[in-house]
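Peer 1: Please read through the structure below; I'll follow up with questions.
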Amino acid sequence: MASPQGNPQPEYSTLEVNPHAQQQQQQSYGDGGYQYTSVNQNDQEWAHTHSYPQVAYTPEPQVVYDKSYPEAVPGQPLPDQPQPLPEQTDVPPPASGKILGLARKTFFIVLAVVLVVVIGAVVGGAVGGTVGKSNKSSNGGSGSGTSTTTPTPTSTSSPGSSGSSSIVLSNSSLSAINWTDADNNAYHAVFWQDRSAHLMMSLWDSANNSWEVQNISSKISGQLQALPGTPLNGAVRGSPWTEKPFNMSFGITLFYMSPSNIIQQLYSTDARGAAWDRGQLLTANSNIQTGDGSQLAIWWGQCAKNCSNEIWMFYENTNQGLMFSSSDSDFSVSDDGDWVSNIVKGSGLTMCAISADNATWGDDISSPRIYYDTSGIIQEVVWRPDQNKWIYASTVWRDLPSVPPKLTSMGYFHTGDGRNSPRRLLIAARFDNGTVGINYYNTEEWHGQSFPTLSGTTYDNWTSISVVAATNLLFFGLTGDGEIHEYTMDRTNPLSWTYNSQVSVS
4 MASPQGNPQP
14 EYSTLEVNPH
24 AQQQQQQSYG
34 DGGYQYTSVN
44 QNDQEWAHTH
54 SYPQVAYTPE
64 PQVVYDKSYP
74 EAVPGQPLPD
84 QPQPLPEQTD
94 VPPPASGKIL
104 GLARKTFFIV
114 LAVVLVVVIG
124 AVVGGAVGGT
134 VGKSNKSSNG
144 GSGSGTSTTT
154 PTPTSTSSPG
164 SSGSSSIVLS
174 NSSLSAINWT
184 DADNNAYHAV
194 FWQDRSAHLM
204 MSLWDSANNS
214 WEVQNISSKI
224 SGQLQALPGT
234 PLNGAVRGSP
244 WTEKPFNMSF
254 GITLFYMSPS
264 NIIQQLYSTD
274 ARGAAWDRGQ
284 LLTANSNIQT
294 GDGSQLAIWW
304 GQCAKNCSNE
314 IWMFYENTNQ
324 GLMFSSSDSD
334 FSVSDDGDWV
344 SNIVKGSGLT
354 MCAISADNAT
364 WGDDISSPRI
374 YYDTSGIIQE
384 VVWRPDQNKW
394 IYASTVWRDL
404 PSVPPKLTSM
414 GYFHTGDGRN
424 SPRRLLIAAR
434 FDNGTVGINY
444 YNTEEWHGQS
454 FPTLSGTTYD
464 NWTSISVVAA
474 TNLLFFGLTG
484 DGEIHEYTMD
494 RTNPLSWTYN
504 SQVSVS
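First residue of the sequence shown? That's 4 in the numbering used here, and the numbers climb one at a time after it.
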């Protein structure tokens, strides 16, 4: 893998997030073979240096006069001046004549008009037929076959700006969650926005094996406004965490932003999303202002031994600093400054968790991690439950383009690992040209940034994406024509995707 320009970048960052750390230490931690290195957070950042040649400007050419030409003398004729032309005499015009009973001039004018009309009709019909065939092949829904067009970025300049008849907002974000109930029925939900910027949820359950749609915004009393294209982050507390160890009711939460970039939260205790209310972040009167283009990352800590049922949240502030807040403090903002400074403006943000997998914590899913874009790389920072602090870990992606990709991630298990807890990781990046790349961790190492192979119906111009580890590993993507499609990823080879179906939005 190519190294970035400038000074060498270590494969694992050596920065410790805890600002009070005083010494360097190399530690091995049983988190699927991870090694972490802790150093002072204030170490100098890598700098890109360039040696550009100076530009030298060539002087303008001087004008040299050829003295072989005679000098002009006022009042004298120029040499070799031509003689004046003889005076023209009037010539009578020819007889006009008539064609088909029309004056000659009138006939040719009428003929020209007729030809223009005929040619226009022929060309218009040919172009219309071609466009009709193109629309038929590209908008055929889930059974339309494989697209062979080159991926191009989709405009996200205004709500509903695409020419599609879909009700989905053209620049809507996606967020997918899953859970099971006490009867072992499986659910997964996809959050999105419609063309009026309403918050929507498409819900699937295994008992009915079908989708239903809820307009969340319509369930809230009073006025609710969401930023068109707001980042969406959902989380859920389902079985078994509704019984043990928390003994609390079922709950779904959704985080988003207002038009003025203030973080908002909604909450539902209805498994079908039929009723919603304002969440803790709003009832606690927190007023978290994010920077323009900020994304959100959410993790709801639920596990048997070392989780507190808290919601952890990351966002970008107005100074391009990565900030942390949690439900334990009523989502108050720390006065200690940036959690991490100078991330890429508009950096993708995503969180997921896996088992710490050591003797102390066993299968506890107590090791969350945050991923963000800094200096053209995706950096991973891991929570160490045994040390009660965050540690910089892997560099997951290098050589990112100038426009930061949107990120989504998940932790998942594989039966071949011999454990029932997730020890594998996957991060997906949606780039500005609509393509999607992934990198995954197989309990021993990161595979490396790659692009998936799709079978079945193929789409390649995604405007938004989300992944979730349900009964299957699921990918959800929004296309430029406003359709949400679902793929299943192979647990053994997450680069192999199989098309499932189109998600219902109405």
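Heads up, the beta-carbon is just placed ideally off N, CA and C, and yes, glycines get one too.
Which of helix, strand or coil does DSSP assign to Lys392?
Peer 2: To locate residue 392, count along the sequence shown from 1; it is residue 389. Note: Lys392 maps to strand in three-state DSSP.
Peer 1: For Ile314, collect the residues of the same chain with a Cβ closer than 6 Å to its Cβ; drop the 5 residues on either side in sequence, then sort them by chain order.
Peer 2: By one-based count along the sequence shown, residue 314 stands at place 311. Result list for Ile314: Trp303 and Ser330, in chain order.
Peer 1: Would you identify the three-state DSSP class for Gln217, choosing helix, strand or coil?
Peer 2: Residue numbering aside, residue 217 sits at position 214 when the sequence shown is read from its first letter. Of the three classes helix, strand and coil, the one that applies to Gln217 here is strand, per DSSP.
Peer 1: If distances are taken between C-alpha atoms only, which option among Ser252, Leu177 and Thr456 comes closest to Gly237?
Peer 2: Working through the sequence shown from its first residue, we reach residue 237 at position 234. Looking at the Cα atoms, Leu177 is the closest of the given residues.
Peer 1: Helix, strand or coil for Leu172, going by three-state DSSP, please let me know.
Peer 2: Position 169 of the sequence shown, counted from the start, is the residue given in the question as residue 172. Note: Leu172 maps to coil in three-state DSSP.
Peer 1: Excluding the 5 residues preceding and the 5 following Asn290 in the sequence, name in chain order all residues of the same chain whose CB lies nearer than 8 Å to its CB.
Peer 2: Reading the sequence shown from its first residue, position 287 is the one you call residue 290. Ile265, listed in sequence order.
Peer 1: Check for me: the alpha helix (DSSP H) holding Leu284 runs from which residue to which?
Peer 2: For the purposes of this step, residue 284 is taken as residue 281 along the sequence shown, with counting starting at 1. Element bounds for Leu284: Gln283 to Thr286.
Peer 1: Let me check understanding here. Comparing Cα to Cα, which of Arg401, Asp341 and Thr482 lies closest to Trp195?
Peer 2: Stepping through the sequence shown from its first residue, residue 195 is reached at position 192. The candidate whose alpha carbon is nearest that of Trp195 is Thr482.
Peer 1: Between the region 456 to 474 and the region 408 to 422, do at least 3 Cβ pairs fall closer than 8 Å?
Peer 2: Segments in contact, yes.
Peer 1: With a cut-off of 8 Å, do at least 3 Cβ pairs link the region 492 to 509 to the region 451 to 466?
Peer 2: At 8 Å Cβ cutoff, the stretches touch.
Peer 1: Helix, strand or coil for Ser453? Go by DSSP, reduced to three states.
Peer 2: Counting from one through the sequence shown, the residue named residue 453 turns up at place 450. Strand at Ser453.
Peer 1: Are the C-beta of Trp393 and some C-beta of chain B separated by less than 9 Å?
Peer 2: You won't find chain B in this structure, because it holds only one protein chain.
Peer 1: Check Asp93 in the structure and name its three-state DSSP category.
Peer 2: By one-based count along the sequence shown, residue 93 stands at place 90. Residue confidence is low: Asp93 scores 41 on pLDDT, short of 50, so the model does not pin down where it sits. No coordinate-derived value is stated.
Peer 1: Relative to the C-alpha of Leu352, which residue among Ser369, Ile381 and Asn496 is closest?
Peer 2: Here residue 352 is taken as the residue at index 349 of the sequence shown, counted from 1. Of the candidates Ser369, Ile381 and Asn496, the one whose C-alpha sits nearest the C-alpha of Leu352 is Ile381.
Peer 1: Can you tell me whether DSSP reads Ala115 as helix, strand or coil?
Peer 2: Taking the sequence shown and counting its residues from 1, the one referred to as residue 115 is at position 112. The answer is helix: DSSP assigns Ala115 an H, G or I state.
Peer 1: Please classify Lys247: is it buried, with 16 or more other beta-carbons within 10 angstroms of its beta-carbon, or exposed?
Peer 2: Sequence index remark: in the sequence shown, residue 247 carries index 244 (1-based). So Lys247 counts as exposed.
Peer 1: Mapping DSSP to helix, strand and coil, what is Gly414?
Peer 2: For the purposes of this step, residue 414 is taken as residue 411 along the sequence shown, with counting starting at 1. Reduced to three states, the DSSP call for Gly414 is strand.
Peer 1: Output the residue ranges of the beta strand (DSSP E) runs that lie fully inside the region 240 to 320 and measure 3 residues or longer, sorted by chain position.
Peer 2: Counting whole runs of 3 or more residues, the region 240 to 320 contains the beta strand (DSSP E) stretches 254 to 260, 266 to 271, 299 to 303 and 314 to 319.
Peer 1: According to the Cβ coordinates, are Gln323 and Gly276 closer than 9 Å?
Peer 2: One-based indexing of the sequence shown puts residue 323 at position 320. One-based indexing of the sequence shown puts residue 276 at position 273. Contact: no.
Peer 1: Rounded to a whole number of angstroms, what is the C-alpha to C-alpha distance between Ala192 and Val336?
Peer 2: As a working mapping, residue 192 is identified with position 189 in the sequence shown. As a working mapping, residue 336 is identified with position 333 in the sequence shown. Approximately 30 Å between the Cα atoms of the pair.
Peer 1: Excluding the 5 residues flanking Ala1 on each side, which residues of the same chain have their C-beta closer than 6 Å to its C-beta?
Peer 2: Within the shown structure, residues of the chain are numbered from 4 to 509, placing residue 1 beyond reach of any answer.
Peer 1: Per DSSP, which one or two residues make a beta bridge with Leu227?
Peer 2: Working through the sequence shown from its first residue, we reach residue 227 at position 224. None; Leu227 has no bridge partner.
Peer 1: Between which two residues does the beta strand (DSSP E) containing Asn445 stretch?
Peer 2: Against the sequence shown, residue 445 aligns to sequence position 442. Premise fails: Asn445 is in no beta strand (DSSP E) and is neither H nor E.
Peer 1: Are there 16 or more other CB atoms within 10 angstroms of the CB of Gly282, so buried, or fewer, so exposed?
Peer 2: Taking the first residue of the sequence shown as 1, we reach residue 282 at position 279. Result: buried.
Peer 1: Does the Cβ-Cβ distance between Trp449 and Val385 come in under 9 Å?
Peer 2: For this step, residue 449 is matched to residue 446 along the sequence shown. For this step, residue 385 is matched to residue 382 along the sequence shown. Against a cut-off of 9 Å, the Cβ pair of Val385 and Trp449 comes out as no contact.
Peer 1: Using DSSP with H/G/I as helix, E/B as strand and the rest coil, what is Ser507?
Peer 2: If you number the sequence shown from 1, residue 507 lands on position 504. Coil at Ser507, not helix or strand.
Peer 1: Tell me the residue span of the beta strand (DSSP E) that contains His191.
Peer 2: Mapped onto the sequence shown, residue 191 falls at position 188. Ala189 to Gln196 is the span of the beta strand (DSSP E), which, as asked, contains His191.
Peer 1: Near Leu285, which residues of its chain fall below 7 Å by C-beta distance, leaving aside the five closest residues on each side in sequence?
Peer 2: As a working mapping, residue 285 is identified with position 282 in the sequence shown. Contacts found: Gln267 and Gln268.
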